[in-house]
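Going by the numbering used here, the letters in the sequence shown line up with residues 1114 to 1407, in that order.
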Amino acid sequence: MKLSQKLLIIAKGIGLWWGIYLILGCCVGFALKMAMDLFMLLSGVFELKRYLPPMVGCTLVLAVITYFVTEAVKLIPKSMLRRRLQKKLGEEGFSDGFTAELLSHATGDNKNHMLIEAASAYCVRGEILAAEEALHRTDLVSILDIAQSTGKLRTAAYYYCTEMTLCILKSDKDGAAHVYDEGSYYLEAFPEDDRVLTVLAIYQTTAGLYEKALETLEKITWSSLPKKLRRYGEAVRSAIEAVNLADLGRNDEAIEKAKAAILGKCSKYVTELSRSIIDRAENAQKEEEKEDAF
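What follows is the structure in structure tokens.
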């Protein structure tokens, strides 16, 4: 995410708390003024025009402190859950246990995020119906409302990433194009995000933009994943690269990338896709050898 967008998120969060404290501060000020006027105490000493400037400054400081404290408090359970899920993924891969763990936490504030993660995992496994079911349980209106009100666009971007992937798995090119157009605002907010780039490369592949897809794949670093989990991301990238290289007729390179994807042991679906690319590339090589023989 761009720095300007991060600053906007912080500004919106602080602004929300500042508004709350300003309302409370004004209520306190008017209450004091009315009480002193009623009892005729310290007449003329309490003036709102003198009270307002320090009140505004103090409420701003309180808003900044409250924002960062609440964000820190929110991060603790999220960090614990993320580590737990990463450990399970590292031990089991994209197993039934891993997807069940994701779905078990799809409640409260975590509901939409966990459902999108579960749908993404099912996509990696090539299980279209399960991915659709998980994604349809999300509340898109809520996702977009939160994105617009807070400036936190990542969940919305990942929703459109997953929906695009589903369309592509179903060979629905028009649907994928529609989803991309609908979610472009959120997707373009993360031009360096590994997941967004991966889905963009898949989209370019289905559109026949093979060279462009390979350029997009080169930008992916998987730095967002812990080192022990990057092999899954690398396997997905290698598989997509293999597809594009095969379509370009670069069969030796396609076979090499497909073998790398298999070694990553990402999922049965990715492995089977990679093996199909190897078979396709080897058959193409045999055909070329026959033609050269004549």
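Note that the Cβ used here is the ideal one computed from N, Cα and C, for glycine as well.
Test item: CB-CB of residue i and residue j under 8 Å
i     : j     : result
V1383 : V1182 : no
L1313 : T1329 : yes
D1252 : N1225 : yes
A1244 : L1257 : no
A1394 : A1359 : yes
Y1299 : L1266 : yes
S1337 : D1307 : yes
E1214 : K1201 : yes
Same chain, Cβ closer than 6 Å to residue i, neighbours up to 5 away in sequence not counted
i     : result
A1326 : A1314, Q1317, T1318, N1357
H1218 : M1227
I1189 : none
E1401 : none
R1350 : L1330, I1333
S1380 : F1207, V1237, R1238
Y1272 : I1229, I1256
C-alpha gap between residue i and residue j, whole angstroms
i     : j     : result
K1368 : L1361 : As written in the sequence, residue 1368 is Ile, which differs from the Lys given in the question. Distance between the alpha carbons of I1368 and L1361: 13 Å.
E1385 : A1352 : 10 Å
A1289 : K1283 : 10 Å
Q1398 : T1263 : 54 Å
L1310 : K1332 : 8 Å
F1211 : A1124 : 36 Å
L1242 : C1140 : 55 Å
L1155 : M1168 : Low confidence applies here, because L1155 scores a pLDDT of 47, under 50, leaving its location unreliable; read the following figure in that light. Distance between the alpha carbons of L1155 and M1168 is about 20 Å.
G1346 : K1378 : 10 Å
V1174 : I1259 : 25 Å
F1207 : G1170 : 51 Å
K1286 : L1216 : 29 Å
E1324 : E1204 : 35 Å
A1348 : R1250 : 29 Å
I1281 : L1129 : 40 Å
E1240 : V1177 : 45 Å
M1193 : H1291 : 36 Å
L1198 : K1403 : 51 Å
D1392 : R1363 : 14 Å
D1261 : N1396 : The question names Asp, but residue 1261 in the sequence shown is Gln. Taking the straight line from one Cα to the other gives about 51 Å.
K1480 : D1209 : As shown, the chain starts at 1114 and ends at 1407. That puts residue 1480 outside it, with no answer to give.
S1297 : R1196 : 30 Å
Residues near residue i in its chain [Cβ-Cβ closer than 7 Å; skip 5 each side]
i     : result
A1355 : A1367, K1370, A1371, A1374, S1387, I1390
D1365 : none
Same chain, Cβ closer than 8 Å to residue i, neighbours up to 5 away in sequence not counted
i     : result
F1414 : Limits of the chain in this structure are 1114 at one end and 1407 at the other, which puts residue 1414 out of reach.
(message) Is it the case that the region 1338-1345 contacts the region 1366-1373, given that we only count it when at least three CB pairs across the two stretches are under 8 Å?
(response) No: fewer than three Cβ pairs fall under 8 Å.
(message) I'd like to know if the region 1226-1245 and the region 1276-1285 are in contact, where contact means that at least 3 CB-CB pairs between them fall below 8 Å.
(response) Flag = yes, the region 1226-1245 and the region 1276-1285 touch.
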